[in-house]
Amino acid sequence: MARIIITAVFLYLCYMPSKGFAQADTSLAALPQTWTLQQCIDYAKRNNIEINSLRLNEKTDQQNILLAKAAKYPNLLGSTSQSFTNSKNANPVVGGFQTQSSFASNYSLNSSVTIYNGGAINNTIKQTETQLKADAFNTSAMENSIILQLTQAYLAILLAKENSIYLQDLLNTSQAQLKQGTIRYNAGSISKLELVGFQSQVATDQYNLTTTENSIRQNTLTLKQLLQLPSGYNMQIIQPDTVATAPKLVDALDVAQQQAHDTRPEIKSSQLGIDMAQYSLEKAKAGKRPTITGTGALSTGYSDNQSSAYIRQLDNNFYQRIGIGLSIPIFNNRMARTNIENAKIAIDAAKLNLKKTETTLSQEVEQAYINVLNAQAQYEAAVTQLNTNRETYQISGEQLRLGAITSVDYLLQKNLYIQALQQYIQAKYNAIIGVKVYDFYKGAPVTIE
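Per mature numbering (1 follows the signal peptide of the UniProt record, and there is no 0): the sequence shown = residues -24 to -1, 1 to 425.
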């Protein structure tokens, strides 16, 4: 029998870890193989630790609302006691002492209800309901922050991937030119210096490509960590068919700032902070008002010292009480006055916090607006620079093929083209990110076409 029990325990312990691993594998298997930006956003909203922590605050607020509302109703407390007494008492008839024992039971129900307390209960209910709304906006503000970070990380990956495509093409071209240059060198058509130039260009292009691939890995890691995905998960993103460049026209700054003030959750949360402070002031004022309380009690008891039967004693000893109490604050060591003044200070602090939030948001929108203007101007300049250097590079390639220029002159033009190409890609994505952020502040959802 003991052997069977030991075997069963061993098998159970072996089964538990494998079951745990199976659950972990299932969790990884449930993740998509490739991610769109919208999938990243949806996943973060469901699983981000910071966001879910804020949602717990909302659940706490819901419980506090139930507690505040329950204060309007009577409470009910029940109590019972059982006692046994043993004592020696003098016996005046026969003299000496006589041992006496007795048993007693007592039962009671007590209830009280607040009839009036200056509106403190109602204001507490309103305050907790407002707190729930404010915490919901705080959750939305955190979601917005995560969305912006995800968008920037996602676009950074797209930037690096697009850059790697161009750099791979340039590397292929350089390798082909090196192969052709080697043939020409062996035939005595070019010098050793020109051959080394081709070799140097291949090495440079390979370095640039490796750097970009490293950037892809790093930015993918950043996105993966923002999503708080498991370490062993190999994340891949979906390359959209096209990534639209930023439009030339954006809303005026004052329009965007007004839209942000009307829609952003951090503003709404700060506004509700003033409302909560107002309710605190009303609660503080209730401390100077009278309180009316209703009370009631039922009780009965039994003792074996009485000759009556148990049920008869419970009936005879049945006690009922109902009453109303009035409490008037006359002097409470300035506690009510201090609470009122502190509540007024809290209102002023809440108003300052709202002003600070509005100022910060206006500055962020203004900075986003300037970023858009700068990025668009830089993008337009980068387009012109790219077109010019591409044409020069193509002409130089044809001249090199015809022997009209040396490889040194050609490689100089090629490097200028590579530099212009990288600056163009960077400017394009800066413009895209700038517009996405600017529109997001106005309440528009983030999308990548």
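Yeah, the Cβ is synthetic: ideal placement off N, Cα and C, and Gly gets one too.
Taking a cut-off of 8 angstroms on C-beta distances, the segment 261 to 281 touches the segment 89 to 96, as three or more cross pairs fall below it. The secondary-structure analysis by DSSP pairs F79 across a beta bridge with F60.
Measuring C-alpha to C-alpha distances from L330 to each of E242, L229, D111, S140 identifies E242 as the nearest. Going by C-alpha positions, Y386 is about 49 angstroms away from A20. In the three-state reduction of the DSSP assignment, Q296 falls in the strand class, which pools E and B.
Counting C-beta atoms within 10 angstroms of its own C-beta, E367 has fewer than 16 neighbours from the protein chains shown and is therefore classed as exposed.
The criterion of a C-beta distance shorter than 8 angstroms is not satisfied by T36 and M252.
According to the DSSP assignment, S279 belongs to the beta strand (DSSP E) that extends over 267 to 279.
Rounded to the nearest angstrom, the Cβ distance from F113 to K244 is 5 angstroms, consistent with a contact under 8 angstroms. Only residues of its own chain outside the window of five on either side were considered, and among them L53, A273 have a CB closer than 6 angstroms to the CB of N86, listed in chain order. The continuous alpha helix (DSSP H) containing V172 extends over residues 168 to 202.
For A112, the enclosing alpha helix (DSSP H) covers residues 96 to 162. S283 sits in coil when the DSSP states are folded into three classes, being neither helix nor strand.
Rounded to the nearest whole angstrom, the CA to CA distance from Y405 to G208 is 30 angstroms. Contact annotation: L13 and I424 have beta-carbon atoms nearer than 8 angstroms.
If you compare the alpha carbons of L7, L349, I159, L43 with that of P206, the shortest gap goes to L7. With a beta-carbon spacing of about 13 angstroms, I250 and I321 fall beyond the 8 angstroms limit used to define contacts. Here I27 really is in contact with T115; their C-beta atoms are around 6 angstroms apart, less than 8 angstroms. Following the DSSP letters along the chain, one finds M311 inside the alpha helix (DSSP H) bounded by residues 311 to 378.
Residues of the same chain with their beta carbon placed closer than 8 angstroms to that of R22 are lacking, with the five preceding and five following residues left out of the count. In this structure, DSSP gives Y92 an extended state, which the three-state scheme calls strand. 8 angstroms or more divides the Cβ of A228 from the Cβ of T188. Under the three-state reduction of DSSP, G419 is assigned to coil, being neither helix nor strand. Assigned with DSSP and collapsed to three states, N28 falls in helix. Bounds of any alpha helix (DSSP H) do not take in S165, whose DSSP letter is neither H nor E. Of the other Cβ atoms in all chains shown, 16 or more fall within 10 Å of the Cβ of A236; this residue is therefore buried. Of G277, I214, L146, the smallest CA-CA separation from Q182 is found for L146. If you compare the alpha carbons of N309, Q76, T56 with that of N62, the shortest gap goes to Q76. A direct Cα-to-Cα measurement between T364 and Q389 gives close to 11 angstroms.
For I213, DSSP records a beta bridge to W11.
Per DSSP, A6 is not a residue of any alpha helix (DSSP H), being assigned neither H nor E. Here DSSP, grouped into helix, strand and coil, assigns N308 to coil. As far as DSSP is concerned, N33 takes part in no beta bridge. If you ignore the 5 residues before and after A80, its C-beta comes within less than 7 angstroms of the C-beta of S59, G277, Y278, S279, all in its own chain and listed in chain order. For the set Q151, T186, I346, the Cα lying nearest the Cα of L171 is the one of Q151.
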